[in-house]
Structures are given as structure tokens and as C-alpha cells.
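Below is one structure, written out as C-alpha cells; the observations come after it.
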């Protein structure tokens, strides 16, 4: 239907458009936008600042919004990199990626622990997985049932789109139980206040978010340490992963490579996560 | 016969002319081409609208007061080159504009905070167009250099009436300074730092950033807030949660009161919405964002 004359005009027009687009892309400063897990964000933020300091003209913009939001944004193109802190991608997002014909690259940066936390006035220092399950699903409502004080249990949790919630839900509650409807849903920065104001509080957090006024518990007698995280003995772990489109520009891949590099490991260690690139061997020098 | 050759030649020339002007036809099939031809503006002008969709002429953006100054500046420049296309802006705050865009009462919500988890949905799209920050300011001789987020909240709400104690120093009472009701900075600070709550009724209201900073500079126990682009040297900037405010900590988001500037659409943006948002993140649009006082993000 299209004559060769028309094809020639079409080809010339398309070539002109491509040249114009390439020229515009070369002028733009390199910016990388990250969205996602507030847990991984605390590690990425100092890395973003050191990267910007050593790469003048680059801008690394980091936002929260949780793991699910991060991946959805990358799939639809409103962010460059997703920060995730779950164990695996949920089905609705793999479907979205497939429907949008987007392939994603995953870079596993580190493995980290999620720990239960209580108020310092609570004498309990260790809980079993079964006891945690009962506390969080509302089967146990008073601390004396697990050998503690005569004190009502007050449960704190994260919103259901958070990677940390995803891990806790899968590992502690499993497929047979749901979190107690009386649980208070908290954002990260609300956790210290929640623990401080409730003597009977129990919540969970990425290990890097345990601050003053919050006491982390051991689980089944095992403390979360670099060794127990690395060898998987500590039972509640998650993967800290950066996810980007396979066709992302070089500036995006360069920042991911930086986060996965030996230079970034010191920061990862500082936040109690175990870098996957070298694992324990570099631990001594990094600390 | 001559008549039919001329007709064919004319038709072929028209078709050729239209083809040159439409690089999008490079991959299209014949039905697409016919539809494009039928609904081209020139064709509509000659033979009427028919089944062709109405082209958008204007979009409505609603949002927070902080987004007003950025949207107004972008819109002025955008409308210079957009022919008869126009952008109109309605006020409100981040919450009300999100509700409005969800109901499709407006085309774009302009918000200056992150979406809350319960506001996120698979069909809501947020495009970041800039970042700025709100500084917490104190008297230059105040010995305190850092406050936690909790302390900031409690001091502004009146539940912490004195500055954290310094060994041997007399206790310093907190004197809160805030901006007036329809100030963009007040609205942002309320959203970012106070979880939407009101400040203490003892707070003194100042009607400009300069007035607020002048008052803080002469009141030893003062605490106040100022947008990034308004900060002057009269006041002391405090770190929050150990993080000082800087371009770097605003971009990384480590500074807790970093303020994101977002355009939000429900689903993929319509052509005109898309053009306006593309303009906002283009080099020209980002230069405007910088001029108005935020940090570029593209």
C-alpha cells in the first residue's frame, strides 16, 4: 500500500526525529530516582550522598513509599530504581510487569534481620516463633502467659504494603493466621513513640531501626548477628534488593553498581545488614 | 480518463503530504492511517467532528498551597507555546486534591508530601517534579544544635514547653513562631512535621518568612520554620534527627522535612496532561522549578 516514495519520506522523517531525541538526551544532567522500602532507604540515603559528592552534576533522589510502591513505579516508569526489603515479588506486580512488557533486573545487596521489639520495662528478652505467632495474631493478650508481667499486650505492626510487614506476615503468621485486628499500624518514625508510650508494647522492625528506648528480643534463643544472618540461623531474614528496568540508562546502572561495590559495604554493615557480595570475609576491615 | 488521473494524482499528493507530517505512521497499519486522516484537525474543520474524540483544550490542576507557586510559574511558560491549551489551578491541600483526582473531579493533583500507604493504588501515578525542604530555625545563640522529630513535634504543639536541658544552664522556655493560615510553608510543616495537627495556641503568628526570622533572631527561646528558598543568615538552622538541611540531604531524603513536589494522575495521563507533566520535567521546566526556589530532580 505504501509506495517507495512515501517510505523514503517516512524514513527521512523518522531519522530526523531520532537525531533530535539523541541530542536532547546528551544535554540532560544525570539524575536517578529511587522509591521503595523505608528499611533499605536508610542504607541507600548515605550512599546517595557520597555518590553525589564524588560525582558532581549527578542527582540521586530517594523517596520512601514501601517496596510495593517502588516496584510499581519502576514498572510504569515514574521511578528508575525500586528499593525492596521482602523475600519475593508479589504476584500482582509480576503480572503488571508482564502486561507492561517490562523486564526487571534484580541486584541483591544484602540480607538483614527483622527483630521483635519491646519496651525496656518489659522483662522478657526472648520469644519462640510459636509465641510470637500467638502474640501477633491475638491468641495471647497478657504478658504473664509467656512468663512476663501481668500486663496487657499492645501489638504494633506496619502497613500491609511494607516489605517488612510482608516478611513478618509470611514468617511469623504464615498462611493460616492473620495479624490481630487490634494491632496499631505504624509508620517507621512512629515506632519509637509507640514503644515508649506502651509498657506492654510488642512490635517488629528491621534491625537497623532499633533505637534507644526499644529492646530487641532474641528469637528461639538466637540473636540477630552478622554470623547468624549470614548462615541463616536467625530465623527472620529479608533480602535488600535494588530493582530496575533492564533497559535503564547507564547512569541508573552505575549507581546500582556503586551500591553493590566494596565501597558501599561499610555503610551496609553500619546498618546491621550483611552484604551479599562478599559476606563475612570483609567484616573485620569494614567495621 | 484525464479527469480520473488528476483525481488520483491529487489524492496521492494529499496522502503523501499527510504522511510526511506523521512519523507515527512508520509502524501503523492501514486502518490506523485512515482514522488519523479522518480525525486530523483539517479534516474535522471540513467535514465535521463525526465520531472523532474531542481534543482536550484545558486541564484542571488542584493541590497544596506550596504547589501553587510552582504550577503557576510552569503554566505561564507552558501556555505561551501551547496555543489555545490552558491550565487552571485550584487550591486546597494535598489530601483534598488527592480525593479530587481519584474521583476525576480534577485532572492532576499537585501534592507536596509522600502518599500515605492507604492512598497508594495501582492506578495512581506520581511524577516527581522537584524537591525542597522546610528548615527548623532557632535564635543564633541557642546552644542546641539538633532536635529529634518527636521533640520538634512536641515543642510546636506545646507539650514540651522548654528546650532540652543543658547541664548547669537555666531552663529556656520555648517560644513558638509560625506562619499565617494560608501560608504554603505552614501547610507543608503541618503535613511533614505535625501529622496534620494544630500548633499550640500560644504560637505567635507571623505573616512573612522575613518577619518570622526577624522575630526568632531576637527571642532567645524561639523556634520557628522557614522554607528552603526563604532562609537567611539571621537565624540558626537546626539539624533534625541528627541530619542538617542541605541540597544533598534534601535530595537523599535523609533530612526529615524534605518536601517532595509531585503531579499525580489517575491512570496514565491524557495527552494534554502528559504534555504539561512532560514540560514540568523537561530541562526548561526544571529550570523554572529552580528559579522558583526548589531543587531540580531531572
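Protein chains in written order, with this note's numbering: chain Y, 11 to 297; chain X, 863 to 1160. Here a beta-carbon is modelled for each residue, glycine too, at the ideal position from N, C-alpha and C. What you are looking at is a predicted structure, and each value in this text was computed from that prediction instead of being measured.
Burial state of residue i (16 or more Cβ within 10 Å)
i: residue 52 of chain Y; result: buried
i: residue 1110 of chain X; result: buried
i: residue 936 of chain X; result: buried
i: residue 1080 of chain X; result: exposed
i: residue 220 of chain Y; result: buried
i: residue 139 of chain Y; result: exposed
i: residue 229 of chain Y; result: buried
i: residue 105 of chain Y; result: exposed
i: residue 290 of chain Y; result: Note that residue 290 of chain Y scores 49 on pLDDT, short of 50, meaning its location in the model is unreliable; the coordinates nonetheless yield the value given after this. Exposed, because fewer than 16 other Cβ atoms sit within 10 Å of the Cβ of residue 290 of chain Y.
i: residue 175 of chain Y; result: buried
i: residue 966 of chain X; result: exposed
i: residue 179 of chain Y; result: buried
i: residue 1153 of chain X; result: exposed
i: residue 1037 of chain X; result: buried
i: residue 132 of chain Y; result: buried
i: residue 946 of chain X; result: exposed
i: residue 122 of chain Y; result: buried
i: residue 188 of chain Y; result: exposed
Those residues which DSSP pairs with residue i across a bridge
i: residue 1101 of chain X; result: X:1008
i: residue 126 of chain Y; result: Y:214
i: residue 208 of chain Y; result: DSSP output for residue 208 of chain Y lists no bridge partner at all.
i: residue 972 of chain X; result: X:925, X:1125
i: residue 1066 of chain X; result: X:1039
i: residue 43 of chain Y; result: Y:71
i: residue 226 of chain Y; result: Y:127
i: residue 245 of chain Y; result: In the DSSP output, where bridge partners are listed per residue, residue 245 of chain Y has none listed.
i: residue 168 of chain Y; result: Y:196
i: residue 8 of chain Y; result: Nothing about residue 8 of chain Y can be reported from this structure: the residues present for chain Y run from 11 to 297 only.
i: residue 152 of chain Y; result: Y:162
i: residue 1087 of chain X; result: X:998
Which listed residue (the options) has its alpha carbon closest to that of residue i
i: residue 1004 of chain X; options: X:931, X:1156, X:1096, X:1112; result: X:1096
i: residue 1077 of chain X; options: X:989, X:1141, X:1002, X:1010; result: X:1002
i: residue 933 of chain X; options: X:981, X:949, X:969, X:1144; result: X:949
i: residue 182 of chain Y; options: Y:195, Y:58, Y:254, Y:167; result: Y:167
i: residue 1151 of chain X; options: X:921, X:919, X:929, X:951; result: X:929
i: residue 194 of chain Y; options: Y:150, Y:218, Y:271, Y:146; result: Y:146
i: residue 143 of chain Y; options: Y:172, Y:184, Y:244, Y:136; result: Y:184
i: residue 960 of chain X; options: X:922, X:941, X:942, X:992; result: X:922
i: residue 204 of chain Y; options: Y:223, Y:79, Y:60, Y:279; result: Y:223
i: residue 1020 of chain X; options: X:955, X:1131, X:1056; result: X:1056
i: residue 931 of chain X; options: X:1130, X:1026, X:1155; result: X:1155
i: residue 88 of chain Y; options: X:1073, X:1026, X:1140; result: X:1140
i: residue 80 of chain Y; options: Y:94, Y:70, Y:68; result: Y:94
i: residue 1082 of chain X; options: X:1130, X:1047, X:1045, X:1024; result: X:1024
i: residue 231 of chain Y; options: Y:260, Y:274, Y:137; result: Y:137
i: residue 1074 of chain X; options: X:1063, X:1148, X:1088, X:1059; result: X:1088
If the cut-off is 8 angstroms on Cβ atoms, which residues from the stretch 993-1023 of chain X count as contacting chain Y, listed in chain order? 993, 1011, 1012
Scan the stretch 111-133 of chain Y for residues whose Cβ lies nearer than 7 angstroms to a Cβ of chain X and list them as they occur along the chain. none
So, do the stretch 1032-1044 of chain X and the stretch 1064-1081 of chain X have three or more beta carbon pairs nearer to each other than 8 angstroms? yes
Three-pair Cβ contact test at 8 angstroms for the stretch 44-51 of chain Y versus the stretch 59-76 of chain Y: yes
Looking at chain Y, which residues of the stretch 1115-1137 of chain X have a Cβ within less than 7 angstroms of any of its Cβ atoms? 1115, 1116, 1122
Is there contact between the stretch 196-212 of chain Y and the stretch 156-163 of chain Y, where contact requires at least three CB pairs shorter than 8 angstroms? yes
Taking a cut of 9 angstroms between CB atoms, which residues from the stretch 972-989 of chain X lie near chain Y? 976, 977, 978, 979, 980, 982, 984, 987, 988, 989
Three or more C-beta pairs under 8 angstroms: does that hold for the stretch 225-245 of chain Y against the stretch 143-163 of chain Y? no
Of the residues that make up the stretch 154-176 of chain Y, which ones have a beta carbon closer than 9 angstroms to any beta carbon in chain X? 168, 169, 170, 171, 172
Is it a yes or a no for the stretch 1005-1013 of chain X touching the stretch 1098-1105 of chain X, going by three-plus beta-carbon pairs under 8 angstroms? yes
Please determine if the stretch 1019-1030 of chain X and the stretch 1116-1128 of chain X are in contact, where contact requires at least 3 C-beta pairs separated by less than 8 angstroms. no
Listed in chain order, which residues of the stretch 81-98 of chain Y have Cβ atoms closer than 7 angstroms to some Cβ of chain X? 82, 86, 88
Can you pull out the residues from the stretch 921-937 of chain X whose beta carbon lies closer than 8 angstroms to at least one beta carbon of chain Y? none
Check whether the stretch 83-95 of chain Y touches the stretch 128-136 of chain Y, counting contact only when three or more Cβ pairs, one atom from each stretch, lie closer than 8 angstroms. no
Can you list, in chain order, the residues of the stretch 1084-1117 of chain X whose Cβ is nearer than 8 angstroms to any Cβ on chain Y? 1110, 1111, 1113, 1114, 1115, 1116
What residues in the stretch 216-245 of chain Y bring their beta carbon closer than 9 angstroms to a beta carbon of chain X? none
Count the C-beta pairs between the stretch 989-999 of chain X and the stretch 1087-1094 of chain X that are closer than 8 angstroms, then say yes if the count reaches three, no if not. yes
Which of the residues in the stretch 942-971 of chain X, read from start to end, lie with their CB under 9 angstroms from any CB of chain Y? none
Taking a Cβ distance cut-off of 9 angstroms, strictly less, list which residues of the stretch 1021-1045 of chain X are near chain Y, in chain order. none
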